[in-house]
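In the numbering used here, the protein residues as written are 1083 to 1222.
Just so it is clear, CB atoms sit at the ideal spot from N, CA and C, and this is done for glycine as well.
For reference, the structure is listed below as structure tokens.
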């Protein structure tokens, strides 16, 4: 990923909320990952259920407002991470493949203080086509 910080990455940093919104637009109907991201998940996290549990755990443990992410690091590793408040993984030179907003505004009206339930239900609306596009963007 030498020279990875391009205009695209600068745009992502500026407008991360809109980019993350694409992850769930018109998503769902397929809770299991599909495409190249499915191979990445299986290779790096054993299987989809393990990945999902680790992602949900990271989101549930994020103290206060923040995000949980699947990122591609500058060393081409895939990791689950979280960031506080409006911070994002680009600030640590990682590329966000997938992110979930765990600020209370994202879930409070429907789930009140039940963030783990929100995280569990979030998988019903993930747009795996968009996740696969973002995976490809992270390669270039």
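Pop quiz: residue i and residue j are said to be a contact at Cβ under 8 Å. What is the actual Cβ separation, rounded to whole angstroms?
i: residue 1117; j: residue 1214; result: 4 Å
i: residue 1153; j: residue 1178; result: 6 Å
i: residue 1164; j: residue 1148; result: 6 Å
In angstroms, rounded to a whole number, what distance separates the CA positions of residue i and residue j?
i: residue 1092; j: residue 1220; result: Residue confidence is low: residue 1092 scores 49 on pLDDT, short of 50, so the model does not pin down where it sits. Its coordinate-derived value is still stated next. C-alpha separation (whole angstroms): 13 Å.
i: residue 1171; j: residue 1151; result: 8 Å
i: residue 1211; j: residue 1161; result: 20 Å
i: residue 1167; j: residue 1141; result: 12 Å
i: residue 1090; j: residue 1216; result: Any reading at residue 1090 is ruled out, since the residue's pLDDT is 49, under 50, leaving its predicted position unreliable.
i: residue 1169; j: residue 1131; result: 27 Å
i: residue 1134; j: residue 1115; result: 10 Å
i: residue 1203; j: residue 1136; result: 15 Å
i: residue 1201; j: residue 1184; result: 8 Å
i: residue 1122; j: residue 1206; result: 20 Å
i: residue 1124; j: residue 1180; result: 16 Å
i: residue 1218; j: residue 1119; result: 9 Å
i: residue 1126; j: residue 1155; result: 13 Å
What's the call for residue i, buried or exposed, on a 16-neighbour Cβ count within 10 Å?
i: residue 1144; result: buried
i: residue 1128; result: exposed
i: residue 1157; result: exposed
i: residue 1138; result: buried
i: residue 1159; result: exposed
Please give the ranges of any alpha helix (DSSP H) in the stretch 1148-1215, keeping only runs that are unbroken, at least 4 residues long and fully inside the region.
1186-1193, 1197-1204
Tell me whether the stretch 1195-1213 and the stretch 1157-1176 touch, counting them as touching only if at least three CB pairs, one residue from each stretch, are closer than 8 Å.
Result no; under three Cβ-Cβ pairs closer than 8 Å.
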